[in-house]
Structures are given as C-alpha cells and as structure tokens.
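First comes the structure, then the notes that go with it.
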Amino acid sequence: MWKSNRTSSHHADEDENENAAFGFLEIVFKWSLKDVLNENFYKKQVKKIPDTFSSSDDYKNSFIPPLLEETHSDLYSNVQGVSHAPFCEVLKIERDRKQFKLPKALFYLISMKTTQDNNGKYEPEAGDLVAFTDIKPKRVDDLNTHRCPYNVGYVVAPKDEFSGEVSILSSKFMIETDFRYNDKQKMYAVYLMNMTTNVRIWKALNSQSDGDHLGLIKKVLRPCHDGGENCKFCSQYSYTKEDIIRSQNLNDSQEEAVSSCVGMLNCCHANTKLIWGPPGTGKTKTVACLLFSLLKLKTRTLTCAPTNTAILQVATRLHILVMESLEYDTYGLGDIVLFGNGKRMKVDCYPGLGDIFLDYRVKNLMQCFSPLTGWRRTLESISQFLQDPKKQYFSKIGLKSLEEFVNEKHSHVLSSFCAYKRISRNDDHIMTLEEYVQKLWINIADEYSDEMDNIESFMTLEQFVKKTFRELSEKLKFLIQTLYTHLPKSFISLATVKKMFRALELLRSIGISLCLAKFKQTLDASEKERIPSCFLPSNSEIDEFLKILSLLSSSILLPELNGRNHIEKFCLSNACLVLCTVSSSIKLYTEGMTQVKFLVIDEAAQLKECESTIPLQLPGLQHCILIGDEKQLPALVKSKIADSCGFGRSMFERLVILGYKKHMLNVQYRMHPNISLFPCKEFYDQKISDAPFVMEESYNKSFLEGELYSSYSFINIAKGKEKSGRGHSLMNTVEVAVISEMIKNLKKEFKKTQEKVSIGVISPYNAQVYAIQDKIKEYTSVSDTDFSVSVRSIDGFQGGEEDIIIMSTVRSNGSGKVGFLSNRQRTNVAMTRARYCLWILGNASTLANSDSIWRKLIVDAKRRNYYHEAGEDPKLARVIEDVVFELEILGESESKFKKLSLCENPETDSNSSRGRKPRVPSVTLANQLRGVRSLREDMESLL
1 MWKSNRTSSH HADEDENENA AFGFLEIVFK WSLKDVLNEN FYKKQVKKIP DTFSSSDDYK
61 NSFIPPLLEE THSDLYSNVQ GVSHAPFCEV LKIERDRKQF KLPKALFYLI SMKTTQDNNG
121 KYEPEAGDLV AFTDIKPKRV DDLNTHRCPY NVGYVVAPKD EFSGEVSILS SKFMIETDFR
181 YNDKQKMYAV YLMNMTTNVR IWKALNSQSD GDHLGLIKKV LRPCHDGGEN CKFCSQYSYT
241 KEDIIRSQNL NDSQEEAVSS CVGMLNCCHA NTKLIWGPPG TGKTKTVACL LFSLLKLKTR
301 TLTCAPTNTA ILQVATRLHI LVMESLEYDT YGLGDIVLFG NGKRMKVDCY PGLGDIFLDY
361 RVKNLMQCFS PLTGWRRTLE SISQFLQDPK KQYFSKIGLK SLEEFVNEKH SHVLSSFCAY
421 KRISRNDDHI MTLEEYVQKL WINIADEYSD EMDNIESFMT LEQFVKKTFR ELSEKLKFLI
481 QTLYTHLPKS FISLATVKKM FRALELLRSI GISLCLAKFK QTLDASEKER IPSCFLPSNS
541 EIDEFLKILS LLSSSILLPE LNGRNHIEKF CLSNACLVLC TVSSSIKLYT EGMTQVKFLV
601 IDEAAQLKEC ESTIPLQLPG LQHCILIGDE KQLPALVKSK IADSCGFGRS MFERLVILGY
661 KKHMLNVQYR MHPNISLFPC KEFYDQKISD APFVMEESYN KSFLEGELYS SYSFINIAKG
721 KEKSGRGHSL MNTVEVAVIS EMIKNLKKEF KKTQEKVSIG VISPYNAQVY AIQDKIKEYT
781 SVSDTDFSVS VRSIDGFQGG EEDIIIMSTV RSNGSGKVGF LSNRQRTNVA MTRARYCLWI
841 LGNASTLANS DSIWRKLIVD AKRRNYYHEA GEDPKLARVI EDVVFELEIL GESESKFKKL
901 SLCENPETDS NSSRGRKPRV PSVTLANQLR GVRSLREDME SLL
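Just so you know, we're using UniProt numbering here: the sequence shown kicks off at 1 and counts up by one.
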C-alpha cells in the first residue's frame with residue numbers, strides 16, 4: 001500500500017504497506033462524525049460467530065463485521081471523551097511528494113510541537129488515529145466545525161529523527177500550510193485511538209484466499225477425530241528428547257505436557273495441542289521448558305502472547321533457563337530473538353533480555369558489519385599495530401622521528417633543549433624533549449599550533465602505544481562479545497568461540513605486561529626510542545595472539561549486509577526461537593523469511609480468535625501449541641454488540657467446545673491451601689493439588705494480628721454504600737476507608753518487623769480503583785522494594801500475584817444486584833492472585849442474595865470459619881462509624897439543599913440572581929469530623 005521513504009529508527013512496518021490494510025482505513029475514513037456517534041451503526045451486520053466453519057473463507061469472513069463493530073465502538077468511546085484526549089499542535093503541513101496521489105493516497109508530512117497539558121504529553125506513534133481540529137476540543141462538536149470539518153489521519157510513521165516530521169495518511173484533502181507564520185490560525189492533532197492491532201488483524205483476515213499457509217486453519221475449522229492427540233504411529237521419539245525434558249525438574253503433569261508437545265515433531269497427523277494452565281501451576285515454567293527443548297532440538301519456533309507483559313515473562317524465564325546451560329558466557333543466545341516496540345516493552349527493566357532483544361542486537365551487529373570500522377577492519381588495525389607499534393606511531397604523527405620534526409621545524413627549540421640539558425646535568429630528574437616542549441607550549445602555542453596539533457600535542461611513544469592498545473582492546477572485546485552473543489550458532493562454531501576466549505585471555509595478559517613495561521625515549525645516540533621486548537611480535541603471547549586473529553579473520557565470514565532492515569531480517573531468519581506479541585508476528589511475513597515449523601501461543605485463552613489468525617497463516621507452519629485457561633477472563637471486547645456475538649472468544653475455548661483434549665497442569669505453587677481450596681473445588685473440579693512447600697508451616701504467614709487477618713478471610717462490611725463514581729462506574733467509600741486503614745496498619749507492622757511484603761488491592765470497578773489509589777497514594781507514590789502496594793482492577797491484575805491480596809467487591813444494596821461481579825471467570829481471577837493472604841471485603845447480604853457464585857463463597861467462608869465482621873477489629877469499626885456518620889450528614893445536607901433549591905423563597909431567589917450559592921453548614925461539619933478523626937489518629941500514634 002505505502003512505504004515511508006524516510007530513514008527512521010521507528011520505521012513503519014512493512015506489513016502495513018499493502019492494499020489490505022489500506023482497504024480497512026478506507027472504511028474508517030468514510031465514517032462521518034454522525035456515523036461514529038451512531039452506536040448501532042453495525043448492529044444489523046454482526047452475526048454470532050459459529051463453533052464450526054465450512055471453509056477457511058467462511059472462517060475468516062465471520063470475524064470481519066465484528067472487527068469493524070469493535071473498531072467503531074472503540075472510536076465512539078474515545079470521541080465521546082475527546083475533551084480528555086491528549087493532543088499536539090500542528091506547525092506545518094506539506095504533501096509527501098513521493099506518495100501523495102489523488103484521490104485517495106493523501107499522504108502528508110506534518111511538523112508538530114509536543115504539548116504538555118492536564119491530559120499528558122502526546123507524541124504521535126505509528127498506528128495512531130488522530131483528528132485534526134482548529135481549536136482544542138472541549139466537546140464532541142469541536143471535531144466538526146465550519147472552518148475545520150471532521151477529518152482524521154492515520155500515522156504511517158512517527159517523528160523522523162532527522163527532519164522531525166510525522167508521516168500521515170489523511171481522510172481528506174488538506175491545504176499545505178505553515179502555521180508558524182500565521183498567528184490567526186491554529187491546528188491541533190488530537191489522539192483518538194491506536195489502530196495497529198486492528199489493521200494487522202484486518203490484513204490477516206483479508207490475505208490470499210487459499211494456499212499452504214492455511215494448512216493449520218483448515219484443520220481447526222471442525223472437530224478433530226483424535227482430539228488433537230498424537231497418533232500411535234508417530235508419537236514415538238528418541239530417548240535423547242526424553243533426557244532433555246527430564247533434566248528440567250518438572251512435575252509429572254508438566255513433564256507430560258512438554259513430552260506430548262515435543263512428540264509432535266515426528267507426528268504427521270496431530271497439528272494442534274492444548275495445555276491447560278490454571279493459576280499458579282507453573283504455566284510459564286512449562287512454556288520455557290518446552291521452548292528450551294525445541295531449542296536443543298533445533299526446531300524453528302515462534303512464541304507469541306497477547307501482551308508485552310506476557311511475552312516478557314516467558315522470555316525472562318527462558319533466558320534464565322538457557323543461561324544456566326551455556327558453557328561460554330552468552331554464546332548461544334544468538335539463536336533466540338525477542339522483538340517488539342522497545343518503548344512499550346521497557347526491556348531494560350528485565351535483566352539480561354537486552355542480549356536477545358532485536359533492537360539492541362541490530363544496533364550492536366551494525367558495528368560489526370561496518371566495512372570501515374567493523375570486525376574485519378578492527379582485526380587488521382590491531383594486527384598492524386602489534387607488528388610494528390613504532391611505525392604506527394610515526395605514521396600517526398606524519399614524521400619519521402620526533403628529532404626530525406624538531407630539527408626541521410624548530411631548531412631553536414632543540415638548541416634551547418640542549419642548553420637545558422647541560423645546565424641540568426646534575427639534577428635528579430632531567431626532562432625529556434617531549435616534556436620540555438610541552439612545558440614551552442604556552443609560549444609557542446600561537447606560533448606553532450598547527451604543527452603541534454599534527455602530533456597530538458607531542459604525545460610520547462609510550463603514551464601513544466598505551467592509548468592505542470587500550471582503544472583497540474576495548475573495541476575488540478566489544479566486537480568479540482557481540483559476535484558470540486548475537487550471531488546464530490550456525491554462523492559461529494564452538495571451536496571459533498574457544499579461540500575468541502583465548503584471544504581475550506591473551507589480550508588481558510598483554511595489557512598487564514604493557515602497564516608494567518618501561519619505555520626509553522631520549523635524544524642520545526646510544527639510547528634511541530625503543531619498544532619494550534615484551535611488546536614485540538617476537539614475544540610468545542603476542543605471536544600466539546596474532547595467529548589467533550588471523551584464524552578468526554578467516555573463520556568468521558560475516559554476510560555483507562547494508563542497513564538496519566537487512567540485519568533485522570538476518571537475525572529473524574536465522575534464529576531458532578522467535579518471541580513477540582501475536583500482533584507483532586506479522587513482521588515474519590517478510591519476503592525470503594525462513595519458515596517457522598512450530599507455533600506456541602501463551603495466554604491463548606486471553607486472545608481473540610481473529611487475532612490468532614496472524615501467526616496461524618505463517619508459511620511452513622506445521623504444529624500449534626495453545627497454552628491457557630478458559631476458566632479465567634477472556635480478551636477484552638469494548639463493544640457489547642461484538643461481545644454478544646462471541647468476538648472475544650479464543651480459539652482455545654472454541655477447540656475445548658469441539659472436544660479437543662487438554663493436558664492439565666495440576667499442581668499449584670502459589671496459594672496457601674486455605675486460599676486455593678474454594679477455587680480448586682469451584683472452577684477445577686478438585687483436580688489441582690497443592691505443592692508440598694505451600695503446605696509447610698513456613699508458608700503460613702501472619703502480617704496483622706487477629707483471626708480476621710488469617711490466610712483467607714471474608715470480611716463483612718454491612719454498612720457500606722455503593723454509588724456512581726467516575727465514568728458511571730461504582731464505588732464504595734466505606735470499603736475505601738477500611739482498605740486505607742488496613743494498608744496503614746500493614747505499613748506500621750512492616751516498620752516493626754522489616755519483613756518484606758507485597759500487597760495487591762483489586763476491585764472489579766474502575767471508580768473504586770481510582771478512589772483507593774487516591775486514598776492511599778502516600779503508600780503507592782514512594783517506591784519501596786520491601787513494601788509495595790499495587791492497586792488495579794481485577795481484569796488488569798490477571799496474570800499477576802502478590803503476597804497479600806485485598807479485594808473490594810463494592811456492591812452493597814438490598815436487592816442483591818452485583819452486575820458483572822457475578823462473572824465466574826472474574827471471580828476466579830480475583831481469588832487466585834494471593835500467595836499468603838486473601839482478604840475479601842463486601843456486603844455479605846448483597847452477595848449472598850445475588851444468586852451467583854458469591855452465594856457459594858459466603859456459605860463456604862461461614863462453614864470454614866473464615867467469615868468475619870469488620871467490627872471485630874476496633875480500628876476498622878471506628879473508621880466505618882466515622883465514614884458512615886459523615887455520609888449521613890452529607891446525605892441530609894444534600895437533601896436539604898435540594899428542597900431549598902426548589903422552594904420559591906424570594907430571598908433565596910434574590911441571592912441566586914446575584915450569583916450567591918446557598919450555604920450548606922453540613923459540609924463544614926463534615927470537615928470538622930475529618931479534623932476530629934485526624935486528631936484522634938495523632939493521639940493514638942503518640943500512645
């Protein structure tokens with residue numbers, strides 16, 4: 001479709017240069033603002049996604065209407081909140097002369113000024129959809145003014161590092177303008193949404209209709225006769241593979257899962273396998289061990305996950321496993337490559353991953369491949385230097401000798417120096433010529449500055465040799481480490497690496513000898529400038545070192561690659577294991593890319609099936625492993641219409657429905673047995689057992705005194721009140737106050753014991769999350785590795801774990817309404833995040849009357865004596881009383897205020913007409929209550 005003609009470190013992906021993606025943008029560009037604001041725009045076109053499909057075309061086409069609806073819904077939501085959207089000011093608009101073509105290819109280069117406001121700092125990224133406006137938008141109508149009708153643009157490539165321009169494709173023709181010289185006119189680019197993933201999905205769904213690349217998709221359209229299992233004829237494999245797996249310290253269920261997957265290598269029939277990984281059962285470890293086995297068996301494998309966080313967790317575990325097996329430092333990591341958006345992935349926060357991250361790898365290899373300063377040139381330089389350092393010295397200063405320079409250029413300096421020597425012959429220390437000239441530098445600098453510069457301020461031979469050796473040594477060390485770390489093993493043998501390590505040993509030894517060596521440099525005929533014998537080619541170490549350099553030069557034949565893109569392709573094509581997000585896997589569709597045999601998708605149950613079509617269509621793909629747990633939350637779908645049709649369902653879940661067998665990981669290593677008991681029984685039919693170490697006494701930790709704070713506890717807060725908060729979400733201020741008190745007490749206990757603890761506070765409602773964050777910000781704003789508090793929604797905490805989890809259920813009403821809190825998958829996630837303690841806060845009456853899983857939870861807690869009243873803790877009881885009293889006072893004042901505003905009191909009306917607001921004494925009373933509470937807390941702390 002299009003290709004950026006500019007050089008940028010953030011170049012647009014090649015996959016977005018084709019007509020399929022352009023077709024998707026055409027559809028979005030055709031939506032008027034009225035269309036965007038029509039919630040039912042695609043309602044009649046979206047149909048329920050079936051469980052089985054008649055053909056690959058039928059399969060892919062079933063996802064297209066829901067994808068459009070989801071995109072439309074996302075855009076609708078963001079347009080509605082445009083007043084809070086980040087934006088930047090447009091400084092200049094000009095056509096992209098190489099790509100602009102009427103009527104549709106409206107490519108422009110935009111210069112922008114990053115703006116910092118209450119909504120944050122915004123700098124456009126590739127894939128962003130922005131709206132162009134002539135005013136800073138405060139409402140939806142500001143996107144469609146008379147002077148600037150509704151116009152959106154797609155960011156093809158972000159800001160160019162040289163020109164500072166952003167490449168965009170516009171939905172409408174734009175007039176070339178330089179706003180820097182026009183004070184009366186302004187233009188802004190307002191962020192609406194990022195469309196990268198949806199564009200990639202669209203492209204995958206609209207790829208060529210038939211071919212070998214659809215092999216796997218065709219096999220998952222209908223039920224599988226063998227349930228995805230290996231056949232009896234092909235599942236036998238060598239003991240070598242068994243030994244690889246058994247060396248990884250797996251439990252029986254993990255070993256069986258890995259063995260079954262590896263067994264697919266010799267199977268011509270089984271193509272798709274499911275591994276069921278409930279919470280805490282070592283799913284990430286199992287994936288890493290599977291990948292390690294495939295690496296040992298030299299099977300080219302792509303590993304994907306829905307999010308950066310998920311793929312980074314797998315990469316971290318794999319990196320640790322591989323590093324433990326390597327004999328020579330990082331040799332072997334070149335067979336593994338991780339890629340993605342470096343800015344979002346924050347790879348620097350994950351120790352060691354820089355050695356396998358594509359951006360870093362390419363940056364370092366570019367220095368090796370450089371013809372002027374790279375590997376081969378450095379070997380030549382250090383060889384020439386060691387063979388004749390004196391020649392290199394005089395070559396550097398451009399003269400045969402320093403005496404010659406003095407005789408030819410500055411005879412008066414030489415005469416002066418000779419006189420100095422005669423006078424100072426009895427002194428303890430006589431300056432050398434170089435020292436003498438340097439002392440005279442201030443006096444003659446103006447007259448002889450050019451000549452002095454030519455010999456680097458009269459650097460002595462000793463200084464030159466040591467400086468040059470140090471520089472060349474550092475360069476050679478870097479290049480050697482880069483090559484054995486980042487080159488695939490197929491390009492650098494073990495024998496060559498051994499030579500490299502020997503070369504590094506000799507380099508260190510030569511460096512030590514050089515530091516101890518003494519150079520003699522005088523003008524006496526009897527003592528000419530001389531290199532120490534330990535630093536001559538006749539020295540055995542240097543002789544061996546030069547021979548090794550010669551062997552390395554001939555044994556490492558680097559490919560001739562020009563530019564970043566070629567080196568990227570080289571790294572991706574030659575790696576055995578490739579890791580990225582599912583969406584990013586589209587990068588592997590580059591022409592000439594080595595085919596992938598195995599596909600492993602982690603967290604597959606959190607992935608929309610249409611997104612999995614991106615990696616599933618890779619040419620040459622033979623086997624697919626899906627790892628996940630459909631009992632936890634699926635992918636987020638913003639559109640209610642798309643969600644109701646099954647758009648968020650994963651391939652993992654659909655294949656389970658079709659009868660594919662799941663290999664279950666059945667030992668959990670995270671939760672205290674008191675925590676795991678209920679979810680194990682309710683969600684996993686008691687098929688999960690507790691690992692021995694979680695049943696040990698040492699795992700029974702107490703962070704606060706009292707049974708209410710045992711390993712598992714439901715804490716009833718009957719006096720809580722739910723109300724609408726931010727964005728029509730719900731919140732419960734009583735539960736917020738209780739959580740704040742708990743965190744405060746945990747902090748006090750931590751100061752006493754100094755026992756490291758991590759705390760997670762979760763809630764199903766975003767308004768409650770925001771309220772808790774605001775209330776306890778003093779504990780979350782300061783980074784403390786030993787006492788950490790994280791506050792997130794349940795959905796946002798999926799995949800996470802902490803020592804203590806405090807859950808706020810929020811709902812508190814007389815009708816038993818609990819909304820989406822009744823979702824079993826969400827409840828499962830909430831209950832399986834804690835290691836040592838899980839404390840659930842809620843109104844037991846509301847939850848028990850909800851006719852949901854929460855009724856079972858309340859009954860179970862009471863039966864096991866883990867049900868407690870918040871009032872059992874005097875501190876919590878007092879906090880609840882204060883908040884309830886304050887709410888009652890505020891409620892009464894609000895009621896009185898409403899009555900006053902409705903009455904026809906002339907005095908009130910006259911006050912209102914003068915812009916005065918009625919006084920509300922109760923608000924002042926509420927403030928006084930807060931002051932009393934604060935005073936009481938201060939007194940308690942003193943006592």
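Glycine is no exception: its CB is placed at the ideal position from the N, C-alpha and C atoms.
Every value quoted in this text rests on a predicted model; they were computed, and no experiment measured them.
- Taking C-alpha positions only, S639 is separated from N40 by approximately 10 Å.
- Here L546 is not near P532, since their CB atoms are 8 Å or more apart.
- If you look at S740, you'll find it in the alpha helix (DSSP H) that goes T733 to T753.
- The three-state reading of DSSP puts Y684 in helix, counting H, G and I together.
- DSSP places S259 outside any beta strand (DSSP E); the residue lies instead in the alpha helix (DSSP H), whose first and last residues are D252 to V262.
- The beta carbon of F787 sits closer than 7 Å to the beta carbons of K747, F750 and V757 from its chain, once the five residues preceding and following it are set aside; these are given in chain order.
- By the criterion of at least three beta-carbon pairs nearer than 8 Å, the segment 248-261 is not in contact with the segment 200-210.
- Closest option to K875, judged by alpha-carbon separation, among K701, E741 and H672: E741.
- Between L577 and N562, the alpha-carbon positions lie close to 24 Å from each other.
- Secondary structure at W854: helix, using DSSP grouped into helix, strand and coil.
- Using a Cβ distance threshold of 8 Å, T303 and L579 count as a contacting pair.
- Rounded to whole angstroms, V789 and Q99 show a C-alpha spacing of 51 Å.
- Taking a C-beta distance under 8 Å as the contact criterion, T196 and G127 qualify as a contact pair.
- DSSP places I601 within a strand segment (E or B) once states are collapsed to three.
- Taken in chain order, the whole beta strand (DSSP E) runs of length 3 or more contained in the segment 307-344 are 336-338.
- Rounded to whole angstroms, the gap between the alpha carbons of S77 and K285 is 38 Å.
- Within the same chain, P537 come within 8 Å of D543 by CB-CB distance, once the 5 residues on both sides are set aside.
- Taking each of L321, I423 and E560 in turn and checking the Cα distance to L372, the smallest one comes out for E560.
- DSSP places S170 inside the beta strand (DSSP E), whose first and last residues are E165 to S170.
- Contact between I336 and V322 holds: their C-beta atoms lie close to 7 Å from each other, under 8 Å.
- For secondary structure counted as the beta strand (DSSP E) over 3 or more consecutive residues, the segment 649-696 holds these complete runs in sequence order: 662-664.
- In this structure T785 is not in contact with V818, their Cβ atoms being roughly 37 Å apart against a cut-off of 8 Å.
- If you draw a straight line from the Cα of E705 to the Cα of V497, it is about 59 Å long.
- For the UniProt domain "DUF6469" (118-207), the continuous beta strand (DSSP E) assignments of 3+ residues that do not extend past its boundaries occur at 128-133, 152-157, 165-170 and 188-194, in sequence order.
- If you look at W31, you'll find it isn't in any alpha helix (DSSP H); DSSP assigns it neither H nor E.
- Look at V637 here: in three-state DSSP terms it is coil, with no helix or strand label.
- With contacts defined as CB atoms closer than 8 Å, A85 and V155 fail to qualify as a contacting pair.
- In the structure shown, L558 adopts coil according to DSSP, grouped into three states.
- Scanning the segment 792-864 for uninterrupted alpha helix (DSSP H) segments of 4 residues or longer gives 794-797, 824-831, 844-848 and 853-863, listed from N- to C-terminal end.
- Straight-line spacing of the CA atoms in L476 and T378 works out to 7 Å.
- Non-local beta-carbon contacts of L143 in its own chain, meaning distances under 8 Å to residues more than five positions away in sequence, involve L33, V79, V82, A131, T133, P137, Y150 and V190 in chain order.
- Across the structure, L472 and L552 are spaced so that their CA atoms are roughly 16 Å apart.
- Just measuring C-alpha positions, the residue of N674, I776 and G280 sitting nearest N865 is N674.
- Taken through DSSP and simplified to helix, strand or coil, L730 comes out as strand.
- Listed as beta-bridge partners of K273 by DSSP are I625.
- The straight-line gap separating the alpha-carbon atoms of S111 and N194 is approximately 20 Å.
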